[in-house]
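**Q** Have a look at this one.
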Amino acid sequence: MKIKFEGQEKVNLEVKQQQIPIQHYLKQPQRLVKAITDERLMQYLGNDCYQLKMNPLNFLDIYHFQPVVVLKVWTGASGTVYLQSESCEIKGIEYINRRFSLRLRGKLSPQISENKEDHVFLQGQADLTVEVDLPPPLWLTPKALLTSTGNSLLKGVLMRIKNRLMSQLVQDYYNFAQIAPLKNAENYYYSKT
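Per the working numbering, the very first residue in the sequence shown carries number 247; after that it's consecutive.
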């Protein structure tokens with residue numbers, strides 16, 4: 247029995263511009279990846295792709311598993327950061343791993359504030375869809391219960407990502423804006439000596 251779960255999350259984050267505009271920060275998409283995940287669970291694969299091991303999840307307190315997702319993350323010319331899933335593996339339940347597909351698409355765009363010149367709004371959205379052939383023990387479970395549980399699970403994953411993004415990204419940007427001018431000055435000094 248095939249079933250589909252869907253989740254969506256939006257973000258609208260106000261950021262006070264620093265000496266270095268946030269658009270320069272967003273041209274380094276690896277910083278966004280580090281903001282949304284624990285660095286110990288991330289591995290850079292090359293070609294703008296990252297392998298992310300998600301925290302273990304459980305479904306109906308019966309199935310415990312850990313998704314491992316390969317995400318492609320890149321920045322467009324306008325400073326918009328895009329992400330999309332390239333592949334996914336489910337560790338812990340081989341039956342589901344062979345019958346599982348995940349699609350994640352998202353973007354985060356800087357929008358200049360009309361009211362406050364020194365502020366930018368980061369506006370974004372992530373859409374997550376999972377399709378899976380359920381194992382036989384779940385075939386008798388009401389589809390409405392399965393769907394609501396699956397959708398809640400996806401919503402929870404997206405909320406954790408959003409919360410990390412909102413708390414970590416701004417702080418990392420402020421740190422970046424303070425350190426980058428110092429590095430440039432240091433590089434200039436050493437190039438003259």
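We put the beta carbon where it would ideally sit given N, CA and C, even for glycine. No experiment lies behind these values; they were computed from the predicted model shown.
#1: Give me the Cα-Cα distance between A431 and L291, rounded to the nearest whole angstrom.
#2: Would you tell me roughly how many angstroms separate the C-alpha atoms of D294 and I358, rounded to the nearest one?
#3: Given this structure, state the Cα-to-Cα distance separating R286 from G396, to the nearest angstrom.
#4: Would you list, in sequence order, the uninterrupted alpha helix (DSSP H) runs of no fewer than 4 residues that lie entirely inside the segment 369-439?
#5: Could you name the residues of the same chain whose beta carbon sits closer than 6 angstroms to that of K318, not counting the 5 residues immediately before and after it, in chain order?
#6: Spatial neighbours of T375 within its chain, please: C-beta separation below 6 angstroms, excluding the five flanking residues on both sides.
#7: Along the chain, where does the alpha helix (DSSP H) that runs through E342 open and close?
#8: Would you mind reading off the limits of the beta strand (DSSP E) that contains R222?
#9: Please classify L287: does DSSP put it in a helix, a strand, or coil?
#10: Short of 7 angstroms in beta carbon distance, which residues of its chain neighbour H310, apart from the five on each side in sequence? Order them along the chain.
#11: Between which two residues does the alpha helix (DSSP H) holding I266 run?
#12: Check this for me: beta carbons of T393 and K353, under 7 angstroms apart or not?
#13: From the DSSP output, in three-state form, read off K273 for me.
**A** Quick answer:
#1: Low local confidence applies: a pLDDT of 40 at A431 is under 50, so the model's placement there is unreliable, with the coordinate-based value given in what follows. Going from the Cα of A431 to the Cα of L291 covers about 31 angstroms.
#2: Pairing D294 with I358, the inter-Cα distance amounts to about 26 angstroms.
#3: C-alpha of R286 to C-alpha of G396: approximately 27 angstroms in a straight line.
#4: Correct list: 389-410, 416-438.
#5: Around K318: D294, C295, Q330, E332.
#6: Within the same chain, and ignoring the five residues on either side of T375 in sequence, the residues whose Cβ sits closer than 6 angstroms to its Cβ are E252, R349.
#7: Rather than Glu, the amino acid found at residue 342 in this sequence is Ile. Annotation for I342: the continuous alpha helix (DSSP H) segment containing it runs 340-343.
#8: No answer is possible for residue 222: it lies beyond the span of the chain, which begins at 247 and ends at 439.
#9: Residue state, collapsed to three classes: helix.
#10: These residues qualify, in order along the chain: P302, N304, G338.
#11: Per DSSP, I266 belongs to no alpha helix (DSSP H) and is neither H nor E.
#12: Taking 7 angstroms as the Cβ cut-off, T393 and K353 do not qualify as a contacting pair.
#13: In the displayed model, K273 falls within coil according to three-state DSSP, outside both helix and strand.
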